[in-house]
Amino acid sequence: MVSVFAEISGKGEMFVDNFELTSIASCPTSDSGTVNVLSGTNLTLSNLSVGSCINHPLQDIAQVSVQVAWTSAPASDQIGVTINNKTEYINVGGGATSPQTLTFWVPANGATNIPVTAGWYFNPSFGCSNVLTFNAPNSCSSDILNCDILYLCGLDKPADGDAFDHGVIEYIMANNTGNVVPVLVKDNGTSNDFYNPMDQVTPLTININDYDLIILSPTTEGYVSSRLADNLLPFKGSILNMNYGIQQALGLTNGAGYYSYGK
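Quick note: the sequence shown uses our numbering, first residue 9, plus one each step.
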């Protein structure tokens, strides 16, 4: 708490940093007021720990933990701790006590000097914290694909169908040293049902035997002609089929992981 004293010769107000401490309505020679102040830092980050790389199919990751301590808190507030634009919260107003340890998962990509910051959510100017930095471990994956892949997608795009196709294609491209060719499938009444997804008018000429793996997206449901299914049946490579409607046409069982034999 800081006491402020002022001496004036007429009516007026007393301010500290634009905050009115007192209003002088009469004409005394002096007046005083008080204002509560906080130390510059009331949040402390410490005990930063970075784990080793974990081989994950989508993206290699590492665990990061950090301890957060505080000495005072504004009413009903929370502390936000941020790494890589991801924020985890400590509900101090809800009863959390100091200190607390938070855990994050970060990409194991070799990035350096990644900052760890903390602040009050509703009252960001109430106090500040020190800033820690860390280096992420390098990637440790050993499961990169090395094959040529033909990805067959269709026009059956309910809800997140389009996002599904884009996500799978981008993931395969990022984790494969071979070629990945996305192709739109629709029955045009001829022997060629392949189209550029960005040009659905001009058919493409594709030899499926040039590929090691063919992936049939669930968005091809209702768009695979009997001709295309007949062409896929003798394919010597691998087929990852997510279109249940052509299971039998590809020589697969017609049940969900089982087959019922008649007696």
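Note that CB positions come from ideal geometry on N, CA and C, so glycine has one too.
Predicted model only: the values in this text are computed from it and were never measured.
DSSP has residue i in a bridge; who is on the other side?
i: Pro123; result: Thr141
i: Val74; result: Leu110
i: Val6; result: The structure shown does not extend to residue 6, since the chain spans only 9 to 271, so no value can be given for it.
i: Ile216; result: BP columns for Ile216 are empty, so no partner.
Straight-line CA distance for residue i to residue j?
i: Pro82; j: Gly127; result: 12 Å
i: Gln255; j: Gly103; result: 56 Å
i: Ser47; j: Leu153; result: Legend: pLDDT at Ser47 = 49, less than 50; position of this residue unreliable, value from coordinates given subsequently. Between Ser47 and Leu153, the C-alpha separation is close to 55 Å.
i: Asp151; j: Asn93; result: 28 Å
i: Asn131; j: Ser84; result: 10 Å
i: Ser225; j: Val189; result: 13 Å
i: Gly270; j: Leu258; result: With a pLDDT of only 47 at Gly270, under the threshold of 50, the placement of this residue in the model should not be trusted; the figure read from the coordinates follows. Taking the straight line from one Cα to the other gives about 21 Å.
i: Cys155; j: Ser106; result: 53 Å
i: Asn50; j: Val72; result: 23 Å
i: Ala144; j: Gln75; result: 18 Å
i: Pro123; j: Leu56; result: 11 Å
i: Tyr97; j: Trp78; result: 14 Å
i: Leu5; j: Thr141; result: This structure gives no information on residue 5, because the portion of the chain shown stretches from 9 to 271.
How many whole angstroms separate the CB atoms of residue i and residue j, which I take to be in contact at a CB cut-off of 8 Å?
i: Ile62; j: Ala116; result: 7 Å
i: Thr52; j: Ser137; result: 6 Å
i: Gly162; j: Val193; result: 5 Å
Please tell me whether residue i and residue j are closer than 7 Å, where the distance is taken between their beta carbons.
i: Pro211; j: Asn200; result: yes
i: Tyr129; j: Gln67; result: no
Give a single yes or no on whether residue i has its beta carbon closer than 6 Å to a heavy atom of the ligand HEM.
i: Ile69; result: The model depicted lacks the ligand HEM and carries no ligand whatsoever.
**OP:** Scan the stretch 133-214 and note each continuous alpha helix (DSSP H) run of 4 residues or more that stays entirely inside, going in chain order.
**Re:** 169-182
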